[in-house]
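Trainee: In our numbering, the protein residues as written are 476 to 561.
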């Protein structure tokens with residue numbers, strides 16, 4: 476859906492998908508902790524979920540554009556922090 480969506484809607488689709496991904500990841504962990512499934516299959520599934528999470532994170536980052544690493548990174552050199560003072 477996000478692939479063909481207009482640019483302003485892509486981030487919303489990706490955020491919703493990310494929420495579903497988190498829910499699935501938690502449910503998979505719960506299944507493993509309760510011992511309701513075979514560990515080997517769950518570990519394979521967790522590896523796939525981790526890859527999906529990395530992909531979602533990258534898509535979210537690219538949909539929001541490049542931003543400074545932190546609020547501090549965008550401040551001027553006289554911000555008062557020790558490593559910024561001259």
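Even glycine gets a Cβ: it sits at the ideal position worked out from N, Cα and C. Note that this is a predicted model, so its numbers are computed, not measured.
To the nearest angstrom, how far is the alpha carbon of residue 500 from that of residue 524?
Mentor: Position 25 of the chain shown, counted from the start, is the residue given in the question as residue 500. Position 49 of the chain shown, counted from the start, is the residue given in the question as residue 524. Rounded to whole angstroms, residue 500 to residue 524 spans 7 Å at the Cα level.
Trainee: At the level of alpha carbons, what is the spacing between residue 540 and residue 521?
Mentor: The sequence position of residue 540 within the chain shown is 65, counting from 1. The sequence position of residue 521 within the chain shown is 46, counting from 1. In a straight line, the C-alpha of residue 540 is about 29 Å away from that of residue 521.
Trainee: Exposed or buried, what is residue 489 when buried is set at 16 or more other beta-carbons lying within 10 Å of its beta-carbon?
Mentor: In the chain shown, the residue the question calls residue 489 occupies position 14. It is buried - the Cβ of residue 489 has at least 16 other Cβ atoms within 10 Å.
Trainee: Would you tell me roughly how many angstroms separate the C-alpha atoms of residue 511 and residue 530, rounded to the nearest one?
Mentor: Within the chain shown, residue 511 is the residue found at index 36, counting from 1. Within the chain shown, residue 530 is the residue found at index 55, counting from 1. Their Cα atoms are separated by approximately 28 Å.
Trainee: With distances taken between CB atoms, is the gap from residue 514 to residue 505 smaller than 8 Å?
Mentor: The count along the chain shown starts at 1 and reaches residue 514 at position 39. The count along the chain shown starts at 1 and reaches residue 505 at position 30. Not closer than 8 Å, so no.
Trainee: Does the distance from the CB of residue 538 to the CB of residue 502 come in under 8 Å?
Mentor: Counting from one through the chain shown, the residue named residue 538 turns up at place 63. Counting from one through the chain shown, the residue named residue 502 turns up at place 27. No, the Cβ-Cβ distance between residue 538 and residue 502 is not below 8 Å.
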